[in-house]
Structure formats: C-alpha cells, structure tokens
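Below is one structure; the comments refer to it alone.
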Amino acid sequence: MKTLLNQNLKMKIFAVIFAFFMWIYVMAEVDPIIIRDIDSVPINITNMQELELLELTPEYGTDLNVRVSLRGRRSILNAQITKGIKTEGLINNPKEGQNILVVDLKDVDSNVEYTLYPSDKQINLEKKMVIRKSVSVVQTGTLPEGYEIKEIKSNPASMYIEGPKSLVDSITTLMTTLDVSNYDKDFSKKLQVIPVDRDNQEVKGVSINQDTVFVHAIVVKAKTVPIVLDIPSSENDELKLSGYTIDPPEVVIKGKANVIDSIKEIKTEKVELLQLVENPNLKVKLVMPTGVETQTPEITLKSSMEKVISKEFNISKERIQISGNGQLPDISDNPDISDFIAVKITTTDKIMDTISENDIRVYIKMQEYENNPARVPIHVEVDEEVESIETTPLYLNLEG
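Using the working numbering, read the sequence shown as starting at 309 and increasing by one per residue.
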C-alpha cells in the first residue's frame, strides 16, 4: 500500500513538472515575449497652459516626438498598441531659452516594460508674439490692350499674425496673388494670403487670424490724345502771338472706357497774350473732363510774341489798276479824285520791314462799275500776310 502511494506521488510531481514545462512551451510559442519599437510618438506637453500664460512657445521646427521601445507578451503589447501609446511631457519652471522636457508614458499596462529615447529632451522656448501686418497684392497676367489697373484694394487691408518671435520678426508682409488676365472692367476675387519674408519666401510656423481676403480691382482705359491750346482773341492791338510749342504735345488720359472713347482732345486753361509777354515759358494746366485722370496735369507753353505796328503809305492815283474787262473814265485826269490814296497797313514790325510802297497794289474791279456815275470800292493787296489794310478814301466816285 505504501509503495503504491509513493508511486502516485511521483506521478503527480512528474505531471506538475510536465505541465509547467508545457505551459512555458505554449507561452513561448503562442504568446511569446517580444520587443516592439515605435518611432515618432507625439509628446503632449502637460503644462502648455502655463506656457500660454508666460507667452512662451516651442521654437518652430522643434521635434516634439520620441521613440518608444516596448517589451512584453505579444497579446499584451498588441492590446496596448491598439489602446494607443500616449506620452506626456513636463517642462519644470519654464523660461525663455533652453529648457528640459521630461517625457513619460501614460496609461501603460503594468506588464509592459518600456524605454523612451530620449526620456529628457532639450527644448528651446521663445516668446510668443502678435503683430499686425498689411496685405500686399501681387499682380500677374495681362489686361487687354489699352487697359490698366488703376487701384487694388483688399478687405481686410491688414491681419494679425501670431507665433514665435523669431518667425514673426522675419515677416515683412502678407502676400496674395491676383491674376488680372483679360479683365476690361472692375472685378473682385477671394484670395488666399501667406506670410512672407523679405525674399518673398513663405514663413511657416505662424498663425493668421484669417487666411483669405477679398480683393477689388479698379480697371481703367488709357488713351493718348493731342493737347489743344485755348487762347481767345485778344483786344490788344499791339501784340501778336507769332508762334508757340506745347511740351508735351500729347497727354495720356485714363478713365472708364465709355468716357475715354468719347474724348478726341484735351484743352488747356484759357491763356491771355499778356501772360505770354510776362512769361514766354508758361506753365499751363490742362482741363480734365469729369471722370478723366492724367499723370500730366500741366504743360509748358513756349511762345514768341511780336509787336504789331501800323504804317501809312501814299499811293499815287496813277498807280490805280483796273481788274477785269471794260472801259473806265480816266482816273488820272479826274480833279475830283485825290492825287494820292492813303493805304494804312497793320502788321508785325518784322513783316513791316519787308514792305515798301512798290509792294502795294491798288486796284478797282471792272465788274463793280455797273452804273455811271458809280461809287467803286478801292482794293489793296500785298504779298505778305498782314493784320489789316485800310484805305482813305474807301471808294472812288467815277463819272464817265
């Protein structure tokens, strides 16, 4: 009986040992201990609110990730990974400049061993900065010929930018691009804006209070037209405008197409002769119609003035000529006709110097001698261009 009991005990011990090794075998083959490395696990900074109060923020480009190495049973690791690998980091006594971020895992199964690479991470904190920058619109494309952009407005005209001081300080403007191709009238567009530096390169790592603007473009038509001098007739009989030049002779005008198409010329303000006597290089403003603009608001009027004089010539009645066919009474022997015809010529002093008595032709027209007796007008001609010619008498009383 005792021998039988001893044999049973040995069998039971053997069974327990066998079962233990079988369990080890099964666990090793079916649910082994494994090591799993997980890269780029994001770090959740737990005292971010404290950083916000201190107006601190991690330097742009800071690597806020760690590599996690896990060790444990396959089933447990799979369950943990499915649940999620969460890290948390703490910056003790945060300050501007270099700080230590202490990293640890959160909500990890007690049967899982882990190692963080690195567990302490150096991090540079910068002051957070908010600044207002204007929006700059860059124009691209080509308008139809004869059209151009007069003005571009954006709404809003400026925006707030927030981010690390080093990045915010590098921003020169908020840029957007407007394609104006083929527009011949005003138009509006909604456009994206990006912060750029002095090289027009995008600055990343900052936030804008809104990333779109409404841009309105005013389109005008441009045309070149001649300038016309407005100089009224002068009551000054002693002066004459002998010549002038307008500099520039043409002007570029801009406005709405229907207005510009109706304009053929642009006049100057009225100019009096006395103004030109006082200043032969006179600045004169242009008169712009309503809705028309120009970048040349005035011109230079270069003028030359001449003195106007009068001179009287006595022409013998024997020199009176007859124009036309027919027979007139003898003028030279007529005692009722004065021996001389007084011819008064008014012209510039330069022209007057070229006129002599022999250059003056006095005549009467045969067709005006229809009756007998007749009162026939006296006509005078000279080769030069003159202001006026007067004769005394004006008529000849002829009786044949």
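Here a beta-carbon is modelled for each residue, glycine too, at the ideal position from N, C-alpha and C.
6 Å Cβ shell around residue i - same chain, five flanking residues per side excluded
i, result
"Asp347", "Arg375"
"Asp345", "Ser377"
"Gly551", "Ser612"
"Gln675", "Gly632"
"Thr654", "Ser618, Glu695 and Ser696"
"Tyr368", "Pro472, Leu475 and Gly513"
"Thr423", "Ser377"
"Ser383", "Asp339"
"Glu665", "Phe621"
"Pro426", "none"
"Arg683", "Tyr703 and Asn705"
"Pro588", "Ser611"
Cβ-Cβ distance between residue i and residue j below 8 Å
i, j, result
"Leu780", "Pro605", "Any answer about residue 780 is impossible in this case: the structure gives the chain only from 309 up to 708."
"Leu584", "Leu549", "yes"
"Val533", "Lys564", "no"
"Lys652", "Glu698", "yes"
"Lys429", "Val416", "no"
"Glu558", "Ile539", "no"
"Ile342", "Leu385", "yes"
"Asp492", "Pro452", "yes"
"Lys394", "Lys414", "yes"
"Leu706", "Pro685", "no"
"Lys615", "Leu547", "yes"
"Ser489", "Thr450", "yes"
Residue i, buried or exposed, once every other Cβ within 10 Å from all chains shown has been counted against 16
i, result
"Leu378", "buried"
"Gln357", "exposed"
"Phe621", "buried"
"Pro366", "buried"
"Gly380", "buried"
"Ile526", "exposed"
"Leu582", "exposed"
"Glu434", "buried"
"Lys658", "exposed"
"Leu353", "Per the sequence shown, the amino acid found at residue 353 is Ile instead of Leu. Classification of Ile353: buried, given that the 10 Å Cβ count is 16 or more."
"Thr576", "buried"
"Thr656", "buried"
"Lys441", "buried"
8 Å CB neighbourhood of residue i in its chain, flanking five on each side removed
i, result
"Ala530", "Gly454, Tyr455, Glu456, Val560, Ile561, Lys562 and Ile568"
"Asp477", "Met437"
"Leu662", "The amino acid occupying residue 662 in the given sequence is Thr; Leu does not appear at that position. So the qualifying residues of the chain are Glu692."
"Thr571", "The question names Thr, yet the displayed sequence has Ile at residue 571. Counting only Cβ-Cβ distances below 8 Å, and skipping sequence neighbours, we find Lys531, Val533, Ile561, Pro597 and Val600."
"Asn355", "Leu398, Ile399 and Pro402"
"Glu459", "Ala525 and Ile526"
"Phe648", "Asn622, Ile623, Ser624 and Lys625"
"Met660", "Ile617, Lys619 and Ile653"
"Val579", "Leu537, Asp538, Ile539, Leu590, Val592 and Leu609"
Member of the options whose CA lies at the smallest distance from the CA of residue i
i, options, result
"Ile439", "Asn490, Thr480 and Ile535", "Thr480"
"Asn432", "Ile697, Asp477 and Leu364", "Leu364"
"Leu475", "Asn587, Ile516 and Ser489", "Ile516"
"Ile574", "Thr423, Leu582, Thr602 and Asn566", "Thr602"
"Leu362", "Glu404, Gly513, Asn490 and Tyr368", "Glu404"
"Pro350", "Ser489, Val592 and Leu372", "Leu372"
"Ile672", "Glu396, Lys625 and Asp647", "Lys625"
"Ser418", "Ala387, Thr700 and Asp507", "Ala387"
"Ile408", "Thr370, Arg683 and Pro643", "Thr370"
"Ile389", "Gln509, Ile645, Pro588 and Val420", "Val420"
Residues of its chain near residue i, where Cβ-Cβ distance is below 7 Å and the 5 sequence neighbours each way are ignored
i, result
"Asp555", "Ile607, Thr608 and Lys610"
"Asp519", "Gln500 and Val501"
"Ile668", "Phe621, Ile623, Val651, Val688 and Val690"
"Val511", "Leu475, Ser478, Ile479, Pro503, Val504 and Asp505"
"Val521", "Val443, Ser462, Asn463, Pro464, Thr484, Leu499 and Val501"
"Thr700", "Ala650"
"Gln406", "Gln430 and Asn432"
"Glu396", "Asn352, Thr354, Asp412 and Lys414"
Near the ligand ATP: residue i beta-carbon under 7 Å from a heavy atom
i, result
"Ile645", "Although the ligand ATP was asked about, the structure shown includes no ligands whatsoever."
Minimum Cβ-Cβ distance from residue i to chain B less than 8 Å
i, result
"Val521", "In summary, chain B is missing from the structure at hand, where a single protein chain is found."
Hey, is the stretch 477-487 in contact with the stretch 442-453, meaning 3+ C-beta pairs nearer than 8 Å?
yes
Take every Cβ of the stretch 491-498, pair it with every Cβ of the stretch 464-474, and state whether three or more of those distances are shorter than 8 Å.
no
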